[in-house]
Amino acid sequence: MTLRSRTVTTAAAMALAASAFGASGTGAYDLPWPVDGQVLRYRSCGCADACWKAEVRNTRTQAVLATLRCDCEHLSVWTPAHGAERRLPQACADLPDKPAFIRSTLQDWLAKSAK
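Residue numbers -1 to 113, in the numbering used here, belong to the letters of the sequence shown in order.
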C-alpha cells in the first residue's frame, strides 16, 4: 500500500466514523410540558436534528401517551386512541420553533384523544 492510498483510506475511515457519530443523535431530554404527572421527552436520532422523536409519558407508569416523530423528511403522530401512526402534512424542515410546535401538536392530539 502506498502512502497516498493509506492517506485516502485513513481519510475515508475518519469520514465514515464521523458520519456514524453524527447519525447517532443525542440523548433524550425533557421539554416544557404543562401537565402534572406527564413528561415530554425529546430525542434526536440524526439527519442534522431532522430525525427526532418526542413522547409524552405518564411519569408514574412510563406509559407512552402520544408520540410525534420526524424521519428526516415526514412528520408522524401516534396516540393510543387513534391507533395507527398518522402522517402529518407539515414537512420536518418547516418548523421555525420546533419545541413550541411539538408541544402544541401533541397537546392538540391528546385533546382529540380525550373526546
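Beta carbons: idealized from backbone N, C-alpha and C, even for Gly.
Asked	Found
Please report the distance separating the alpha-carbon of residue 42 from that of residue 104.	17 Å
Where DSSP assigns a beta bridge to residue 52, which residues make up the other side?	40 and 66
Identify whether residue 60 lies in helix, strand or coil by the three-state DSSP scheme.	coil
Less than 8 Å between the CB atoms is what I'm expecting for residue 85 and residue 31, so what's the real figure, rounded?	Incorrect: roughly 24 Å between the Cβ atoms, too far for contact.
Using DSSP with H/G/I as helix, E/B as strand and the rest coil, what is residue 31?	coil
Tell me where the alpha helix (DSSP H) around residue 86 begins and ends.	Element bounds for residue 86: not the alpha helix (DSSP H) but the beta strand (DSSP E), 84 to 89.
So for residue 93, helix, strand or coil by DSSP?	coil
Does the beta-carbon of residue 57 have 16 or more other beta-carbons within 10 angstroms, so that it is buried, or is it exposed?	exposed
Tell me where the beta strand (DSSP E) around residue 164 begins and ends.	Since the first residue shown for the chain is -1 and the last is 113, residue 164 is missing from the structure and cannot be characterised.
Give me the Cβ distance between residue 48 and residue 68, rounded to the nearest whole Å; I'm assuming they're in contact under 8 Å.	6 Å
In three-state DSSP terms, what is residue 110?	helix
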